[in-house]
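*Asks:*
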Amino acid sequence: MRTPLNENPFDSRADLQRAVHDLWVPVARRLSPGGARARLGYTAAQFSNVAAELEGFARPLWGLAPLAAGGGEVDWAPIRAGLASGTDPGHPEFWRPPADRDQRLVEMAAIGFALALVPDQLWAPLPAPVKDNVARWLSSINRVDVVDNNWLFFRVIVNLGLERVGAAEYDEGAESAALDRLETFYLYDGWYQDGPTGRCDYYVPWAMHFYGLVYAEQAGHRDPGRALRFRQRAAEFAHEHLHWFADDGAAVPYGRSLAYRFAQLGFWGALAYGGVEELPWGVVKGVLLRGMRWWARRPITDNGDVLTIGYGYPNLMMADGYNSPGSPYWAMKAFLPLALPESHPFWQADEAPMPDLDDVASQPAPGMVHCRDRSGGHVFTLAAGQPGSRFRHGGEKYAKFAYSTAFGFSVPASERGLEHRAADSMLALSDDDLHWRVRVDPDETRVHDDVVWARWRPWSDVDVDTWLVPWLPWHVRVHRLRTARTLWSAEGGWAVGRDDDEPAELLSGPDAAVASCATGVSGLRDLLSARDGEVVLTGPNTNLLHPRAALPTLRGSHGPGEHWLVCAVLGSANPGSWEASWTRSPTLDAIRQALAAEVVLPQAVTA
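Using the UniProt record's numbering, the first residue of the sequence shown is number 1, and each one after it goes up by one.
Have a look at this one:
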């Protein structure tokens, strides 16, 4: 299906300007009579419809404000009308005051951001009573509790906007307290954690660093020390974050809020906006433009050109509980560099390819080892696992063994049956051969010398130690399973997209399983000859990138006691290039040597 996005070449500043218009027009057509709400669909989120429709109104401002700040044309009249209606307690479209930890607080940040960037276009034409209402409603963020994580930056961004327009409601004390608390979340190597919980995901680039660089640019004149720290940390993080992106523009899908899609690219534009030339501008520009082209090739809008909930295609299965139909417009953060003039060195630079990065890169802060598989045409990440149980599909989003730019990852449709469990890159365990448990919230984790280790307990009387070792183009998984009960196991490789209209080769037998389809190939070998291979055809819409998938799997059964499981996993986005690698899988002796500093594999563990 032809769409404005997939017809956009994304080669230039003008192409990004056009994309903002193409994304905004379908929203503008769905604005309410008073302009304050945009109902973009009929599915629900965990918050009210009023907040959801505010979200639909506000989130496009992340793209519209930079577009206008950089000289692009925006018709602000309907947006100013919406501001007037939404902040007027007497209007039927009033957004209502926010409560503690209210979704409205999230959307206030987009409005504060727009006021900071284009006060002359959005604020100045408003009548005085409307200005009073807008400032009063926005400033309520200073009097309620926000979530103790990246939400603190919403208070900062709102106050930036209030300060920029000279509103008396600007609260320097509230802004400063929020910034001081955010400082406590900084780790090292450019990494923050998103609050005190230890999660390091896309909220680091598209929230912590994005807002920090907006603050540095907007408030650096009065807070130079903090602005310098924000820029220095972003410079460090740029080198880390490059490893999350493949040469074709795809990013490793990991963590929550993946329905925000090309918000993944927001950090790169923020580097330019914040004046952080740590990498050549051509490299930064290349990551952004290749990423936009990658997304433009995917069916991510509906037949009215509205962004959908999903990742590689419309998909409610993977959604978070806080995803409303307006949520995907967080993706507009990718357009921040449009605030820069065309004469800026970022826009004048020629797009450059990815630099020559190491094939294996350890990142202890998020508990990851990134692997650049050049022969297989993808980047994959070995993950120790992070806390995620409070989120829908948290185990899948934060605690799988591996994540790939080509194969994505899968979420379950049910815990009953392996086809519904869709346990790619996981060791699924069952005590009845029907209901399956996987790793969620590991107890301990470590990354050392490119080896990832974690300890996890699927039951109180079952302990699992897992070691993950990069072995390009393979990776190796070693598990020590100690159980007081009889268990069945199913360990999945990569899930490969399949289509009935294209031939697929599904091979399984003792010790191995392979799925080869037009989209790629995945296979895994049991190196102890302890498990049998099979290919599971997973339920529809469980994989983030492919609506239908095949999953090579190793099956076993284990009585009470200690068991060792060792396998090697291969994946390639190039279906014709895997046979030679398949015949050269890692050996037990080599694995034993590689893990000598981590664990002593018993001599009884042999093939």
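Glycine residues also receive a C-beta, built at the ideal position from the N, C-alpha and C atoms.
Residue 79: which of 59, 71, 96 sits nearest, CA to CA?
*Replies:* Comparing Cα positions, the closest option is 59.
*Asks:* Where do the N-terminal and C-terminal ends of the beta strand (DSSP E) with residue 470 fall, by residue?
*Replies:* Counting along the chain, the beta strand (DSSP E) containing residue 470 begins and ends at 462-471.
*Asks:* Pick out whichever of 287, 509, 384, 499 has its Cα sitting closest to the Cα of residue 464.
*Replies:* Closest option to residue 464, Cα to Cα, is 384.
*Asks:* Could you tell me whether the Cβ atoms of residue 565 and residue 479 are closer together than 9 Å?
*Replies:* Cβ distance < 9 Å, so residue 565 and residue 479 count as in contact.
*Asks:* Suppose only complete runs of 3+ residues qualify. What are the beta strand (DSSP E) ranges in the region 547-590, listed by chain order?
*Replies:* Qualifying beta strand (DSSP E) stretches, in chain order: 549-558, 561-572.
*Asks:* On a Cα-Cα basis, can you pick out the residue from 424, 508, 587, 556 that is closest to residue 542?
*Replies:* It is 424 whose Cα lies nearest to the Cα of residue 542.
*Asks:* Helix, strand or coil for residue 613? Go by DSSP, reduced to three states.
*Replies:* Outside the shown range of the chain, which is 1 to 607, sits residue 613, and nothing can be said about it.
*Asks:* Do you know how far the Cα of residue 292 is from the Cα of residue 502?
*Replies:* So the alpha carbons of these two residues sit roughly 28 Å apart.
*Asks:* Report the rounded CA-to-CA distance for residue 152 versus residue 395, giving the unit in angstroms.
*Replies:* Distance between the alpha carbons of residue 152 and residue 395 is about 26 Å.
*Asks:* If contacts are defined as beta-carbon pairs under 8 Å, then residue 498 and residue 455 qualify, I think. What distance do you get, rounded to the angstrom?
*Replies:* That pair is no contact at about 35 Å.
*Asks:* How is residue 526 classed by DSSP in three states: helix, strand or coil?
*Replies:* In this structure, residue 526 counts as strand in the three-state DSSP scheme.
*Asks:* Going by beta carbon distance, what residues of the same chain come within less than 6 Å of residue 322, once the five residues before and after it are set aside?
*Replies:* For residue 322, where only same-chain residues beyond five positions count, the Cβ hits under 6 Å are 45, 46.
*Asks:* Taking just the CA atoms, how far does residue 108 sit from residue 136?
*Replies:* Approximately 12 Å between the Cα atoms of the pair.
*Asks:* Extract the residue ranges of the alpha helix (DSSP H) inside the region 297-377, only unbroken runs of 4 or more that lie entirely within it.
*Replies:* As far as the region 297-377 is concerned, its whole alpha helix (DSSP H) runs of at least 4 residues are 345-348.
*Asks:* Leaving out five residues on either side along the sequence, give the residues of the same chain with a beta carbon under 6 Å from the beta carbon of residue 141.
*Replies:* Here the set comprises 105, 108, 155, 158.
*Asks:* Given 8 Å as the limit, is there contact between the region 350-369 and the region 83-94, that is, 3 or more CB pairs closer than that?
*Replies:* Too few Cβ pairs lie closer than 8 Å, so no.
*Asks:* Do you know offhand how far residue 606's Cα is from residue 589's?
*Replies:* Low confidence applies here, because residue 606 scores a pLDDT of 47, under 50, leaving its location unreliable; read the following figure in that light. Their backbone Cα atoms lie some 9 Å apart in a straight line.
*Asks:* Going by DSSP, which residues form a beta bridge with residue 478?
*Replies:* Answer is 467, 566, bridged to residue 478.
*Asks:* Can you list, in chain order, the residues of its chain with a C-beta nearer than 7 Å to that of residue 594? Leave out the 5 residues immediately preceding and following it.
*Replies:* Hits under 7 Å: 469.
*Asks:* Please identify the residue among 253, 301, 124, 529 whose C-alpha is closest to the C-alpha of residue 612.
*Replies:* Because residue 612 is not part of the residues shown, which for the chain are 1 to 607, the question remains open.
*Asks:* When the Cα of residue 284 is compared with those of 244, 351, 248, which residue comes out closest?
*Replies:* The shortest Cα separation from residue 284 among 244, 351, 248 belongs to 351.
*Asks:* Could you give the first and the last residue of the continuous beta strand (DSSP E) run that contains residue 440?
*Replies:* No beta strand (DSSP E) contains residue 440, which DSSP labels as neither H nor E.
*Asks:* Mapping DSSP to helix, strand and coil, what is residue 598?
*Replies:* In this structure, residue 598 counts as coil in the three-state DSSP scheme.
*Asks:* Comparing alpha-carbon positions, which option in 512, 574, 578 lies nearest residue 556?
*Replies:* Ranking the options by Cα distance to residue 556, first place goes to 512.
*Asks:* Rounded to a whole number of angstroms, what is the C-alpha to C-alpha distance between residue 74 and residue 115?
*Replies:* Computed Cα separation, rounded: 14 Å.
*Asks:* By Cβ distance below 7 Å, which residues in the same chain neighbour residue 328 in space, the five residues on each side in sequence not counted?
*Replies:* Here the set comprises 259, 260, 261, 307, 308, 309.
*Asks:* Which full runs of the alpha helix (DSSP H) of 4+ residues lie inside the region 77-106, going along the chain?
*Replies:* If we require 4 residues or more, the alpha helix (DSSP H) runs fully inside the region 77-106 come out as 77-86.
*Asks:* Please state the DSSP three-state secondary structure of residue 533.
*Replies:* Three-state DSSP puts residue 533 in a strand.
*Asks:* If contact is defined by three or more beta carbon pairs under 8 Å, each pair taking one atom from either stretch, is the region 117-130 in contact with the region 172-186?
*Replies:* The region 172-186 is not in contact with the region 117-130.
*Asks:* Measuring CB to CB, does residue 495 end up less than 9 Å from residue 409?
*Replies:* Yes; because the gap between Cβ atoms is below 9 Å, this pair is in contact.
*Asks:* Quick check on residue 552: buried or exposed, where buried means 16 or more other Cβ atoms within 10 Å of its Cβ?
*Replies:* With 16 or more other Cβ atoms within 10 Å, it is buried.
*Asks:* Here's a check: name, in chain order, each residue in its chain whose Cβ is nearer than 6 Å to the Cβ of residue 19, leaving out the five neighbours to either side.
*Replies:* So the list reads 8, once near-sequence residues are dropped.
*Asks:* Count the other CB atoms, across all protein chains shown, that sit within 10 Å of the CB of residue 77; report buried if there are 16 or more and exposed otherwise.
*Replies:* Answer is exposed; the Cβ neighbour count stays below 16.
*Asks:* For the candidate residues 567, 598, 386, whose alpha-carbon lies nearest to that of residue 585?
*Replies:* Answer by Cα proximity: 567.
*Asks:* When DSSP builds the beta bridges, which residues end up paired with residue 448?
*Replies:* 451, per the DSSP bridge assignment.
*Asks:* Could you give the distance in angstroms between the alpha-carbon of residue 457 and the alpha-carbon of residue 575?
*Replies:* For residue 457 and residue 575, the distance between alpha carbons rounds to 36 Å.
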